[in-house]
Amino acid sequence: MPGTMTRNIDVERYLEHHRMMHRIRAFEEAAARANQDKLVLGAIHLSIGQEAIASGVCRNLRPTDYLLSTHRGHGHTLAKGADPTAMMSELLGREGGICQGKGGSMHIADFGVGMLGANGVVAANINIAAGAAHAIKLKGDDGVACSIFGDGAINRGPFLEGLNWAGVFKLPALFVCESNGFASTTRTDAMTSGEGAAARARSLGIPADEIDGNDIVAVDETVRAAVDAIRGGGGPRFILCSTYRLHGHTASDPAAYRRKDEVDAAWKNDPIGRCAQMLRDAGVASDDLDAQRDAAVFEMDQAYETAKAAPWPDLSLAYTDVQDIGDPRGRAF
Amino acid sequence: MPGTMTRNIDVERYLEHHRMMHRIRAFEEAAARANQDKLVLGAIHLSIGQEAIASGVCRNLRPTDYLLSTHRGHGHTLAKGADPTAMMSELLGREGGICQGKGGSMHIADFGVGMLGANGVVAANINIAAGAAHAIKLKGDDGVACSIFGDGAINRGPFLEGLNWAGVFKLPALFVCESNGFASTTRTDAMTSGEGAAARARSLGIPADEIDGNDIVAVDETVRAAVDAIRGGGGPRFILCSTYRLHGHTASDPAAYRRKDEVDAAWKNDPIGRCAQMLRDAGVASDDLDAQRDAAVFEMDQAYETAKAAPWPDLSLAYTDVQDIGDPRGRAF
Amino acid sequence: MAIMTYAEAGKTALAEEMRRDPLVWAVGEDLGRGGVFGQYAGLIDEFGPDRISDAPISEAAIMGASVGAAMAGTRPVVEMRFADFALCAVDELVNQAAKARYMLGGQTKVPMVIREPMGMWRSSAAQHSQSLESWYTHIPGLVVAVPSTPADNKGLLKAAIRCDDPVVYFEHKNIWGLEGEVPDGDVVLPFGKARMEREGSDITIVSWSSQLHTASRAAETLAAEGVSAEVIDLRTLWPWDRDAVFASVEKTGRLLITHESVSVGGFGAEIAASVSEHLFKALKAPVRRRAAPRIPISYAPPLEDMVRVSEAQIIETVQEMMAV
Amino acid sequence: MAIMTYAEAGKTALAEEMRRDPLVWAVGEDLGRGGVFGQYAGLIDEFGPDRISDAPISEAAIMGASVGAAMAGTRPVVEMRFADFALCAVDELVNQAAKARYMLGGQTKVPMVIREPMGMWRSSAAQHSQSLESWYTHIPGLVVAVPSTPADNKGLLKAAIRCDDPVVYFEHKNIWGLEGEVPDGDVVLPFGKARMEREGSDITIVSWSSQLHTASRAAETLAAEGVSAEVIDLRTLWPWDRDAVFASVEKTGRLLITHESVSVGGFGAEIAASVSEHLFKALKAPVRRRAAPRIPISYAPPLEDMVRVSEAQIIETVQEMMAV
Ligand SMILES: Cc1ncc(C[n+]2csc(CCOP(=O)(O)OP(=O)(O)O)c2C)c(N)n1
Ligand SMILES: Cc1ncc(C[n+]2csc(CCOP(=O)(O)OP(=O)(O)O)c2C)c(N)n1
Ligand SMILES: [Mg+2]
Ligand SMILES: [Mg+2]
């Protein structure tokens, strides 16, 4: 795997990544502000520090490819192409929310760009993604179904069942593990026996790469190769991305259970800073990079303002999209 | 792992194994007869051909050690020390049944000898055994909790969750996989991705041995070493035992989905025949071996006759041992 | 019209729907060899292993992958083998399949059928005998079907496969071999329309699945004793045919609900509560329920029978109700 | 007597029982840092990491291992974090914990407490808000507790920990911070004994858990309007206090049951069916239920509120019933 020292890179491509990572960062910061402003009532999980994975994975997926994400899914959803204003409106539970305000942060989805949903149940997206890949195979399409999940998810049964399923049926599935060191307040290494996610994936017959998930080049190139292999009929692949959760588990978690020096060190390894440095080394002007950041911040502030200004959803929505059959009122009254 | 060519063996010990394997075989054959006689109404799963694993594992466990088994658990239960008459009475659902006729073949248990139950749900015994080991650790005992399960069970979530659990908490747990090539009518290799159970166990941080499960010496010695290591505080161990299911999935399954030559070849590898040959090579007289067989057949025929003669359980038992709290009649009538 | 068994009727329905719609496929353990009850026998020869798909012993993945496959445009028919084993995949059914459409703001539907062979069947004991249909009526997003005849098993399974909602489809193991007339061709039954098993004027007996036949036999015997019982087969529990039940009870003034599942917290309570509330004045006697006691199901036949609601118990209860 | 919150009362009960019995231990995700709602805060300092045990995200193993640990002589207190996540461990609870004692012919008991924080709590949406207490009343072998006050959370949790049956213990997330007087020391409440929240003569309102407080506020308002409502807190659903409910309805002649969970197939139906059957003559009006519609729970506050049964709705229903 390539490191981050100077290398000749496709500057345009990484400028795109730089821009996308800043958009994710700015979205999360706006969401954190909305949380402080008590306008987001449910729990939200920020992906600050993990942006390279979202950008690197989704840059290599087509809008027609499927993505299934987790409770920490804002970045993935944005990178897959969803509209931040509709996403922010969802977080605020307002009209215009991407799920009409019915799902919120943990159920954010945009089928228009192949994002089939975040999930409130850890590891549940793994089997669902395997099934989406199964549908691609049955229909003879050339798509890919990708699930992104955390390092805590590898201790749930669906990790084994879903990867085995994808292997047995040789499905076009990409499994990406965001190994950020924590499962809410618990260090994942303390609750994980053995060598971890990649070793488990290999034992299930899935080729696995282990990369620095804060190195946008490593993520982009590794995912591109994996997706090409999968599209070529090579069956499922697994990528373990090491990263660090720079904020707390939820936007309200001060994460006092970890040492300051650990967090400070992690900030020095911030994927956006590293990407910017690489681009500067490649000759890109700092001003251009700052301009991307400022545009991202402006865009997400606008998204927040728009969401704030939006009314509550129409109450009649409570009874829509439950199911086709039967009376949702249940005739209890 | 030792093969089965002449070696200096503890003749007494393997005579015990030979006797136990014949007792298991004879029990299963009597149960099959009871099934043909329509006296066993539920499904029963015979372990004919897999006796070396039951005998080899349980010979190395103490009565105070715990065993959790599967739907194919008659042999394990017998080898752990349960009374065959009480077991047969259970299969016939009669008074004197080891579970009072309430559980039947798939829930056979004898807590008096540490056999905490077969299970009707594939892989469910893995987590239960991990928990029994957890209790041993919490109480500071020097016991071992063992679960035996099939090669089909390794595709269920509890395999990952239970082994990871045992690894994380360094529990005195022994996991034994009976790899008989089939999960009911399906060949397990067709539904298993990767290198199989042992590789999966290792990926979960559990040392794993892979042995010929029809070689009683290999099973006995491997299990003994593993149990010693576990008792010594070495944490969980895994043993993959290759074997073959000589009969159908249930006693009523003709297993027409496999070729005759395959089955014929498997019969030549019958663990009892191999053990007998080894003992003859070690100088034991055939008559002594035949006498063990005949005694086993006689014992199990008696068990069947006794069970047959037993009355149905008292109807009042339907309402006992449900729970301490609340009226089991539910006051519905 | 053809005479076929309940199992064959289900197979016919699946085969017809698979011919009609190439996006329909079935997945579960041992389907390639016909399924554990033979209800898929031979289908692999016509449709091949991709559409009559074996599965690892991975109920959570069978269910969860089917949710994804349904969201991605196919129509999976999920075989759970025993309703008891579906308890290994409840998150996938209740948290995912049932809620995805709503949570995601209507961006998707989850068209899948979950076949769950249910009920008591010759000494299968507590982990292979449960009837949990009531549970799923309590979960928004799910449809619950409980066919009792070969004809209904064909018509309702076809309806379930065409339905865009997840349908929990309970086939009763005890009646796999039950024979009956089954209409040929494309007969699709509506959900929420009960079947009048037998007309009567003195009392209404509501039931479903295998227990319906016990109720029917009881009504037969009662007729000989001069009690005219109307027997209604609900066919589906969500939605359930309130109109048919209410109309019948308005006529008879008496209602007995009988089901194989546990009485406490069973769907009989929902029916009893609804009728007692809405037909308060029309009732000549209190609504009664005959269902299972709150005990696990035993292996030994005589103990297992203690859980069954017998024809005699139904008759006894009806006579008590007529005496009011 | 001390004033403490519902969460503190639970913590006190657990701590007292752990001091009393070294075989009691708690296991679940993040317990070492106090648990996701702080209901275990500080316990690890007194009892250490073996008895206040963290767990991997492995609900099936948390539940399943606890079944084994209970069979092997310890008394696990299992933390499921959200009742919704317990759906990842239903086989372990329903097929194993609930049935082991019976299936194995009484050779073992399975003394474990399954704590399941339930209910709606500020925009948690469909997978973090469910109330599924009714499900477990339908499963033989299980006890179901639904405390509504700090005092009851102490007394019932202590009873649950001492009980040899698996107890599904629902704490409501919305009242973690509710303060109230809690008796000091070893006060253990019996299961199946309801609490008289408020005496009245015109109508009986039965409820439990957080919804009890809505019912209580409604009764308060109704009193001002001259309607005397008796409010009964069931405290446990299995067993449930039929005697207390029947006695009250015999007095008032009217019964309204209100719960947060879905009305269809909810436990309110069991109570309504039982009372309608046994107090047929004593009823002045049909038994009514006010519970949730059959829809998943939304994230947006106003949509989430559509699932809540409000004080106003209870009052409206009571007035309708009084008008009968
Ligand atoms: C089945 C289940 N158990 C527990 C939870 C509660 N929970 C939400 S996020 C989380 C931690 C997940 O850690 P990880 O998978 O590493 O993802 P990360 O939060 O680090 O991105 C937990 C335990 C849940 N949502 N689902
Ligand atoms: C969760 C679950 N799924 C399916 C079944 C049905 N079933 C019973 S035994 C069996 C095959 C098990 O195969 P394996 O684990 O290899 O054990 P073996 O029968 O070969 O001893 C299956 C699928 C079950 N009992 N439990
Ligand atoms: Mg993590
Ligand atoms: Mg096998």
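Those sequence lines, one after another, are chains A, B, C and D.
Under numbering that gives the first Met the number 0, the very last position in the first sequence is 332; numbers go up by exactly one each time.
Under numbering that gives the first Met the number 0, the very last position in the second sequence is 332; numbers go up by exactly one each time.
Under numbering that gives the first Met the number 0, the very last position in the third sequence is 323; numbers go up by exactly one each time.
Under numbering that gives the first Met the number 0, the very last position in the fourth sequence is 323; numbers go up by exactly one each time.
Glycine included, C-beta positions come from ideal geometry on N, C-alpha and C.
Counting only beta-carbon atoms, is residue i nearer than 8 Å to chain A?
i	result
D/Ile294	yes
Taking the alpha carbon of residue i as the point to measure from, which residue in the options has its own alpha carbon closest?
i	options	result
A/Thr191	B/Ala182, B/Phe181 and B/Leu203	B/Leu203
B/Ala172	D/Asp242, D/Ala144 and D/Gly67	D/Gly67
C/Gly325	C/Tyr135, C/Leu155, C/Glu229 and C/Gly33	The structure shown does not extend to residue 325 of chain C, since chain C is modelled only from 0 through 323, so no value can be given for it.
C/Pro238	C/Lys108, C/Ala124 and C/Pro139	C/Pro139
C/Gly27	A/Glu209, A/Ala255 and A/Trp164	A/Trp164
B/Arg186	B/Ala197, B/Ala217 and B/Gly247	B/Gly247
B/Val10	B/Met86, B/Asp263, B/Ala281 and B/His106	B/Ala281
D/Ala60	B/Thr69, B/Thr63 and B/Gly130	B/Gly130
A/Cys57	A/Ala134, A/Ser146 and A/Ile324	A/Ser146
A/Leu314	D/Glu315, D/Asp304 and D/Met320	D/Asp304
Are the C-beta atoms of residue i and some chain D residue less than 8 Å apart?
i	result
A/Met114	no
C/Arg288	yes
C/His212	no
B/Lys169	no
C/Ala159	no
A/Ser202	no
C/Ala69	no
Measure the beta-carbon distance from residue i to residue j and round it to whole angstroms, keeping in mind my assumption that it falls under 8 Å.
i	j	result
C/Gly199	C/Ala218	7 Å
C/Leu188	C/Val167	The Cβ separation is near 16 Å, so there is no contact.
D/Met70	B/Leu60	Incorrect: roughly 17 Å between the Cβ atoms, too far for contact.
C/Thr235	D/Val263	Not confirmed; about 13 Å, so no contact.
B/Gly41	C/Ser123	6 Å
A/Arg244	A/Asn154	Wrong, their Cβ atoms sit about 17 Å apart, outside the cutoff.
Just checking residue i against ligand 2 - is the residue's beta carbon closer than 7 Å to any of the ligand's heavy atoms?
i	result
B/His246	no
C/Glu91	no
B/Gly151	yes
C/Val230	no
C/Phe84	yes
Does any CB atom of chain F fall closer than 8 Å to the CB of residue i?
i	result
D/Val261	The structure shown contains no chain F; its protein chains are A, B, C and D.
Under 7 Å: does the beta carbon of residue i sit that close to some heavy atom of ligand 4?
i	result
B/Asn179	yes
B/Thr187	yes
Would the beta-carbon of residue i be found less than 7 Å away from any heavy atom of ligand 1?
i	result
A/Phe148	yes
A/Val56	no
Below 7 Å, is the gap between the Cβ of residue i and the nearest heavy atom of ligand 3?
i	result
A/Ala182	yes
Shorter than 8 Å from the beta carbon of residue i to some beta carbon of chain C?
i	result
D/Leu326	Residue 326 of chain D lies beyond the residue range present for chain D, which begins at 0 and ends at 323; the question has no answer from this structure.
A/Ile147	no
B/Asn124	no
Between residue i and chain B, is any beta-carbon pair separated by less than 8 Å?
i	result
D/Ala12	no
C/Gln126	yes
Does the Cβ of residue i lie closer than 7 Å to at least one heavy atom of ligand 6?
i	result
A/Gly48	This structure simply doesn't include ligand 6; it includes ligand 1, ligand 2, ligand 3 and ligand 4 instead.
Next item on the list: Entirely within the segment 133 to 170 of chain D and at least 4 residues each: give me those alpha helix (DSSP H) ranges in chain order.
Entry: 149 to 161
Note to self: As an exercise, report each continuous alpha helix (DSSP H) stretch of at least 4 residues that is fully enclosed by the segment 297 to 321 of chain C, in chain order.
What the structure shows: Under the rule that a run must span 4 or more residues, the alpha helix (DSSP H) segments found entirely inside the segment 297 to 321 of chain C read 300 to 304.
Item checked: Contiguous beta strand (DSSP E) assignments of at least 3 residues, all confined to the segment 240 to 306 of chain C -> Counting only runs of at least 3 residues, the segment 240 to 306 of chain C fully encloses the following beta strand (DSSP E) elements, listed from N- to C-terminal order: 254 to 261 and 287 to 291.
Next item on the list: Return the chain-ordered ranges of every alpha helix (DSSP H) run that is complete within the segment 120 to 175 of chain B and spans a minimum of 4 residues.
Entry: 123 to 138 and 156 to 167
Margin query: Please give the ranges of any alpha helix (DSSP H) in the segment 36 to 83 of chain B, keeping only runs that are unbroken, at least 4 residues long and fully inside the region.
Written below: 50 to 57 and 73 to 79
Check: What residue ranges within the segment 209 to 289 of chain B form continuous beta strand (DSSP E) runs of no fewer than 3 residues, ordered along the chain?
Finding: 236 to 241
Note to self: I'd like the ranges of any beta strand (DSSP E) spanning at least 3 consecutive residues and lying wholly in the segment 15 to 82 of chain D.
What the structure shows: 23 to 26 and 74 to 78, all fully within the segment 15 to 82 of chain D.
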